Structure formats: structure tokens, C-alpha cells
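K.L.:
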């Protein structure tokens, strides 16, 4: 167990590679209760969020969930989040919620509070009221479907609904951080242990496993997903992070918009890339990247990929060194190792 | 290798000392306790032949999915042999940590450095404490 953003969390339950493979081949069960869960109430909630997120909230359909970024005035990333439009009752006001990174929860709550400016908005931090787990992998949906009257197989990706799951009222969404199909489940904190224990047994029977932080990292890295504090930070903007899909500029205003409009026009100072290495030495966060003799960037995350059985990494380099196929070298503990820029993601399910 | 006959460093290397060609030579590896704690090994960087090493100083490293771990020389001396078969067969470390999983042999230059090592009983005790 390690301390992570104020929570005690397992690094691994057994072997990192086993947990990773279990998720890719069967199903992985993750405790993600550390994530911050916020409800945004009030008649101005939608326009309020719209003014602070890089993607529109006001035009979200019922049940829809959107990956988005919270930026500061300079276009630097304060957090990457999921915004939820929850149907509480048919035809009624939507419930709007955010799931934010554990390490940024306090910062984001303070940021949101500071931006209310007299509007009818209330931020409720319900992180400890609810707990959250994820079930991810090719067998996840078929494992969960019989446990709820809702037809999970027909749930569209990046939507979610309140439903009964194992006779407990849960919010279930078809979202995740592994590159696999599957769900994330939110319910009352005092009900989660019962749900976890039942899903744990079912997962084991299906050839799956509980999964800790280490394999969570190898899974998301293979899927090319950024991690705040590594690929994302306040000194990185969404354009250089390669998150254009999470930016809507048309006909809306939000904090950081002007900065992003400018960044889009410039040739980028730095660009996020994927790297694959020869051999078995792992390039890790902080390793320098060189193109010829020039230092042109740095690794932000690296691991040994269980799926591809080679070291992979993500980092930032000058855009002149960022084309896929570019040969670079990585300085790993004083020795230079060859690496090659490759497109992201490394792993796509079904391919 | 009888575990009781080996000596151990607090950093979990095991050591077997023998006479070879009139010199004292230490063969070393990582204990089963250390290997089990490491999990998911992907690489071992063996020390270079002829390298001068100092007791309690890192002299090579082993890498897992999660992190790099230093391996510390248990004695002062010179590396005279390395287990070249290991990097392509890392599972040997776990399968036979005290036999085929040996990592290197060091010609001891200063026998006094052996005095810092502990016997099997003391090492077992340390492992017991670390598990809590």
C-alpha cells in the first residue's frame, strides 16, 4: 500500500504484468474511490461549467459524459476531468457532475468556488459520500449486464445512467482509463464494499483480477492516455498535449480560450509523443531525449509494456523532432539508448 | 548452496566465499526474499568485468516494470565473473536464486569488508521485521 494524494492505495495485488494481462484478456477490477467527485447545482450550473471547461457543457445530451480540461487564463491545464450530465428524473433538470483527479480536487474546488461570481451555483464535494470502482476488459460488460435490469450491452460509450446494480442504486457509465471496454460505477460509500466483494469473485471466475496503481499506469500508458502531473500540468497547454478533441472554440467563451486560440496559430514549442525503445531498459519520467546531439525534450512517463514486451514511453519534444519514425536517443541513468517516435496510442482494442 | 552457510547483506544480497587460485572469491546473488518482493523483473544490468567495487556501494542494477533497484556489492574487490546467462533468462533469479541465479563473482581485496555481513539467522530476523 502507498500513500497517493492522501489515500492509502495498493500498488499491486499480485504481479503487475498479471493484473495488466488480466484486464486486457478478461477483466480488471479497480478501486478508484480516490478520484474527486463534485456535484454542481443551481440554475446557472451549466453555463457556469461552460465558462470554465474547454468543451461545451450546455449542449451535452442527457446521459452524456465528456472528457474535458480545466485551464487557467494562460491556457495551462489545471486538471483533466470528466463532465457528466446525469438524468435524475425524466424531463427534469439534469444533474451536472465532475470527476476530477484526486491530487487536484482541492485546487479545482477552490478554482470553481472563486469563479462563481454571484451566479446561482453551488459546488458540492461528495467525494467521501460516494465511492467509485471500475470494471474494465473484454468481459466487463458481459459480467455486469446480468447484475442490473438495465440493458448494459446497449449503453453507448461515454454515457452513464442511474440504475440498480446488485440491488444497489448506482451510477454506471461506459467510461474508463485503460483502453478497454467497461464501466465505472459510483454508489454510496457504505454500499461499495458489498459490490466490490461480489464483483471481485465474479472477476476471478472470469479469469480476471483486482488491479492496483502500477498496472493502472501500464494500461493507461499503453492506451496513450495522459496522466496529470506527467503529461499534463499548469505549464502545458491542451494543444501541445495533443488534446485537440477536447477543445471546442466555436461560439463559446471559457477561461483560457484566447490563449488556446493563439497556441493553435503558433508552431508548437513542444509536442507530446509516443516512444518505443529497443532492448529492455525502461525510460522513465525525467529522462532526457536527444535528437542527434541536441537535447530536444524529456520523458514524462515510461514503463515496460506487458502487451508489447518492450519499453514504451510518452514525453514532450520540439515539434521538429516529433514526426513518427524519428530516431531519438534517451539518456537512462547516464547511458544513451536508441528510441523511435511512434504514433499514439500504442494499444487500441480490437487491433 | 546451503542457506545457513551463506552470509547476507542488509540490502538482501547473499554471499558465498570460497578459495579460488589462492584468492578469496565471493559469489553473490539476491535472496529469495528480495526476488519475491521485486516482482515483474524485466532486465538485469550485470557489472562489467574487472570493475573495482566497494562494499555497500551499488555496482549493478535490476529493473522491474515499476522501477530500477540497485544491487549493492557486499565486499571490496574486483569483478572477475558475471552470469551472462541471466539477462536472457531472468526467471532463473526466482527459480534458483542461490544456485543458477548467481549474479557475479568478486575477488575480495579486503577481507575486513566481510565483517559487515550477517549470518542466516540474523538475516531471517531482518526479513521478518521488514515484512511488518
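Residue numbers (our numbering), protein chains in the order written: chain Y, 1 to 351; chain G, 1001 to 1132.
The beta carbon of each residue, even a glycine, is placed where N, CA and C say it ideally should be.
The structure displayed is predicted, hence computed values, not measured ones.
Could you check whether the stretch 32-42 of chain Y touches the stretch 122-132 of chain Y, counting it as contact only if at least three pairs of C-beta atoms, one from each stretch, sit closer than 8 angstroms?
P.N.:
With a cut-off of 8 angstroms, the stretch 122-132 of chain Y and the stretch 32-42 of chain Y count as touching, because enough Cβ pairs lie within range.
K.L.:
Does the beta-carbon of residue 60(Y) have 16 or more other beta-carbons within 10 angstroms, so that it is buried, or is it exposed?
P.N.:
Classification of residue 60(Y): buried, given that the 10 Å Cβ count is 16 or more.
K.L.:
Starting from residue 48(Y) and walking both ways along the alpha helix (DSSP H), at which residues does that stretch end?
P.N.:
Residue 48(Y) -> alpha helix (DSSP H) spans 45-50.
K.L.:
Out of 116(Y), 332(Y) and 23(Y), which one is the CA nearest neighbour of residue 44(Y)?
P.N.:
Residue 116(Y) is the option with its Cα nearest to residue 44(Y).
K.L.:
Give me the chain G residues within the contact set of residue 15(Y), using Cβ-Cβ distance strictly less than 7 angstroms, ordered along the chain.
P.N.:
In chain order: 1039 and 1040.
K.L.:
Using a Cβ-Cβ cut-off of 8 angstroms, state whether residue 1063(G) counts as contacting chain Y.
P.N.:
Cβ-Cβ to chain Y under 8 angstroms: yes for residue 1063(G).
K.L.:
Here's the rule: buried if 16 or more other CB atoms are within 10 angstroms of the residue's CB, otherwise exposed. What is residue 1030(G)?
P.N.:
Classification of residue 1030(G): buried, given that the 10 Å Cβ count is 16 or more.
K.L.:
Measure the CB-CB distance between residue 121(Y) and residue 42(Y) and report whether it falls below 8 angstroms.
P.N.:
Yes.
K.L.:
Can you tell me whether residue 8(Y) is buried or exposed, with buried defined as 16 or more other CB within 10 angstroms of its CB?
P.N.:
Its Cβ having fewer than 16 others within 10 Å, residue 8(Y) is exposed.
K.L.:
Give the DSSP bridge partners of residue 337(Y), in chain order.
P.N.:
The partner list for residue 337(Y) (beta bridge, DSSP) reads 330(Y).
K.L.:
Given a cut-off of 8 angstroms, decide if residue 52(Y) and residue 96(Y) are closer than it, judged by their beta-carbon atoms.
P.N.:
No, they are not a contact pair.
K.L.:
For the beta strand (DSSP E) containing residue 170(Y), name the first residue and the last one.
P.N.:
Run containing residue 170(Y): 168-173, per the beta strand (DSSP E) assignment.
K.L.:
Kindly indicate which residue of 15(Y), 6(Y), 29(Y) and 10(Y) has the alpha-carbon position closest to the one of residue 201(Y).
P.N.:
It is 29(Y).
K.L.:
Check whether the Cβ atoms of residue 234(Y) and residue 77(Y) lie closer than 8 angstroms to each other.
P.N.:
Yes, the Cβ-Cβ distance between residue 234(Y) and residue 77(Y) is below 8 angstroms.
K.L.:
Interface residues of chain Y around residue 1043(G) at Cβ under 7 angstroms?
P.N.:
Neighbours of residue 1043(G) on chain Y, chain order: 280 and 281.
K.L.:
Take residue 1034(G) as the anchor and find which of 1022(G), 1006(G), 1007(G) and 1071(G) has the nearest alpha-carbon.
P.N.:
Per the Cα distances, 1071(G).
K.L.:
Looking only at its chain, what residues have a beta carbon closer than 6 angstroms to the beta carbon of residue 281(Y), apart from the 5 residues adjacent to it on each side?
P.N.:
Cβ within range, chain order: 332 and 337.
K.L.:
Mind listing the chain Y neighbours of residue 1066(G)? Cutoff is C-beta to C-beta under 7 angstroms, in chain order.
P.N.:
Per Cβ cutoff of 7 angstroms: 16 and 214.
K.L.:
Going along chain A, which residues have a C-beta under 9 angstroms from residue 12(Y)?
P.N.:
Looking at the structure shown, chain A is missing, and the protein chains on hand are Y and G.
K.L.:
Within the continuous beta strand (DSSP E) that includes residue 348(Y), where are the two ends?
P.N.:
Run containing residue 348(Y): none; DSSP gives neither H nor E here.
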